[in-house]
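Throughout, my numbering is defined as the position within the sequence shown, counted from one, plus 1250.
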Amino acid sequence: MRATFMAASAAGALVLSLPLAGCGSSEEAATVAKAPAGPRIVLAATDTVNWQDVSAEIATVDQAQVMARIPGILTSLSVKAGDMVSKGQAIGRIVDSQLGYQSGAYGAQAAAAQAQAAQAAAELQRVKFLHDNGVYAKARLEQAQAMASAAQAQVRAARAQQAAVGAVAGQGVVVAPASGRVLRADVPAGSPVAPGMAIAVITAGPTIVRLELPESLAGKVRAGSRVTAPGLNEGRVVKIYPSVMAGKVTADVDMAGIDNSLIGRRVAAKVETGMRKALLVPASYVTTRYGIDYVTVLAKDGSAADVPVQTAPASEAGKVEVLSGVNAGDTLVGVAGK
């Protein structure tokens, strides 16, 4: 009796479960077949600008070195790093004590020569008077004239040597060779200096962004290539230096609005290196969940699936570049109303 009741109960449960199972299967099929709402696009490779990350620094077209022209002691230096100077401005002085002694010696020689010249001139006047009165022959007069001329030449030579010493002493004035900002002035006053020694460094020319390119990019970057940097305006390459040093090629970029208060500041930049094919997608088609980007891909049967993708910023506003996860020809579905 008990066995018969259990068998009947099992049969009834089986009969009741059949309609429920059939209902669940039909709802699932309806969900899969239903097309998702929202705009759709078909991926296609398009031409886009290829950007390359490079190192750069804020610089000037040139740097002028203030060098010592004579040996001596740097007695004064009136500028420091960061000061602005004008071309021709006196910023220091070098004194060579030996030049004073030399100038005094040549001054004494000039005075002695002047005395000899006065004596020779007086002798010439006496000989000329006696020659005119028939006492001396013409040869004696010519001899006196030659001695007077030689004495005057000695005077001019001594004075020229004294002037030369004065001119050398005048080169002790340290003059700014260009207008700009002082980058370095690290030689303290009172230090001995030698000819050719750099006393200060001054910026020269307009402020630029100087790129350091790998030599592999030498054939891809040209004059006119665009350059961008965070916090700076977009600029263009104006000059590429025709040499490779330590595997690097140097290029100058004209960029407006550069802050030149910190010459030598390093910045991260991107330079245009040509065109390439890329998959560009409107940013509204990409959703981010837990740090992972997803796009909705529409299958041929009308179903949709969220596919993780790797993205990167694109050069076109409002778009991102899809690097992996989908291919050209795939249909993407955007979020409705987004």
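The beta carbon of each residue, even a glycine, is placed where N, CA and C say it ideally should be.
Only a predicted model underlies this, so the values are computations on that prediction, with no experimental measurement involved.
Mind checking who residue i pairs with in its DSSP beta bridge?
i	result
Tyr1544	Thr1537 and Pro1558
Ile1478	Ile is not the amino acid found at residue 1478; the sequence shown has Thr there. Thr1478 is bridged to Lys1520.
Gly1485	Val1477
Lys1527	Asp1297
Val1502	The amino acid occupying residue 1502 in the given sequence is Asp; Val does not appear at that position. Note: Asp1502 sits in a beta bridge opposite Arg1460 and Lys1489.
Thr1310	Thr1457
Ser1326	Arg1343
Glu1571	Leu1530 and Ala1562
Ala1578	Paired residue(s): none; Ala1578 is not in a bridge.
Met1334	Arg1431
Ala1290	One point to set straight first is that residue 1290 is Arg, not Ala, in the sequence displayed. Arg1290 pairs with Val1583.
Met1317	Ala1448
Val1471	According to DSSP, which records beta bridges pairwise, Val1471 is partnered with nothing at all.
Val1443	Gly1322
Helix, strand or coil for residue i, going by three-state DSSP, please let me know.
i	result
Gly1272	Caution is warranted here: a pLDDT of 41 is assigned to Gly1272, below 50, making its placement in the model unreliable, and no coordinate value can be reported.
Asp1551	coil
Ser1565	coil
Met1397	helix
Tyr1491	strand
Val1423	strand
Ala1257	With a pLDDT of 38 at Ala1257, under the threshold of 50, the modelled position of this residue cannot be trusted; read the value that follows with caution. In the structure shown, Ala1257 sits in a helix (DSSP, three-state: H, G or I).
Leu1512	coil
Gln1339	coil
Ser1429	coil
Ser1376	Residue 1376 is actually Arg in this sequence, not Ser. Helix at Arg1376.
Val1418	helix
Asp1382	helix
Ala1387	coil
Ser1305	strand
Val1405	helix
Ala1279	Reliability of the predicted coordinates at Ala1279 is poor, the pLDDT of 36 falling under 50, and the value obtained from them is presented with this limitation in mind. Residue state, collapsed to three classes: helix.
Gly1350	helix
What does a CB cutoff of less than 6 Å around residue i pick up in its chain, not counting 5 residues either side in sequence?
i	result
Gln1339	Ala1426
Tyr1491	Thr1500
Ala1294	Ala1578
Thr1457	Thr1310, Ile1508 and Asn1510
Ala1414	none
Val1451	Gln1313, Gln1315, Leu1433 and Arg1434
Gln1411	Tyr1356
Grab me the residues of residue i's own chain with a C-beta within less than 8 Å of its C-beta, minus the 5 sequence neighbours each way, in chain order.
i	result
Leu1270	With a pLDDT of 38 at Leu1270, under the threshold of 50, the modelled position of that residue is not reliable, and no figure is offered here.
Glu1484	Arg1476, Val1477, Thr1478 and Met1505
Lys1520	Trp1301, Gln1302, Asp1303, Val1304, Val1477, Thr1478 and Ala1479
Gly1584	Gly1288, Pro1289, Arg1290, Ile1291, Pro1532, Ser1534, Tyr1535 and Thr1546
Arg1343	Leu1324, Thr1325, Ser1326, Gly1422, Val1423 and Val1424
Assuming residue i contacts residue j under a Cβ cut-off of 8 Å, what Cβ separation, rounded to an integer in Å, is found between them?
i	j	result
Ala1454	Ala1314	4 Å
Ala1448	Val1316	7 Å
Val1432	Lys1330	7 Å
Val1503	Arg1486	7 Å
Val1238	Gly1430	The structure shown does not extend to residue 1238, since the chain is modelled only from 1251 to 1588, so the question has no answer here.
Tyr1535	Val1545	6 Å
Ser1466	Val1299	About 18 Å separates the two Cβ atoms, so there is no contact after all.
Ala1408	Ala1371	The pair is not a contact, with the Cβ atoms about 16 Å apart (cut-off 8 Å).
Pro1517	Ile1308	Looking at the sequence shown, residue 1517 is not Pro but Val. Contact holds; Cβ gap of about 7 Å.
Leu1374	Ala1394	5 Å
Ala1435	Lys1337	So it is not a contact: roughly 17 Å between Cβ atoms.
Lys1498	Glu1522	About 18 Å separates the two Cβ atoms, so there is no contact after all.
Enumerate in chain order the residues of its own chain whose CB-to-CB distance from residue i is below 7 Å, with the five nearest sequence positions on each side excluded.
i	result
Pro1445	Ala1318, Arg1319, Ile1320 and Pro1321
Val1345	Gly1322, Ile1323, Thr1325 and Gly1422
Leu1349	Val1415, Val1418 and Ala1419
**Q.** Stretch-stretch touch, CB-based, cutoff 8 Å, three pairs: the segment 1396-1403 with the segment 1357-1367
**A.** yes
Q.
Taking contact to mean 3 or more Cβ pairs, one atom from each stretch, closer than 8 Å, check whether the segment 1520-1537 and the segment 1555-1568 are in contact.
A. yes
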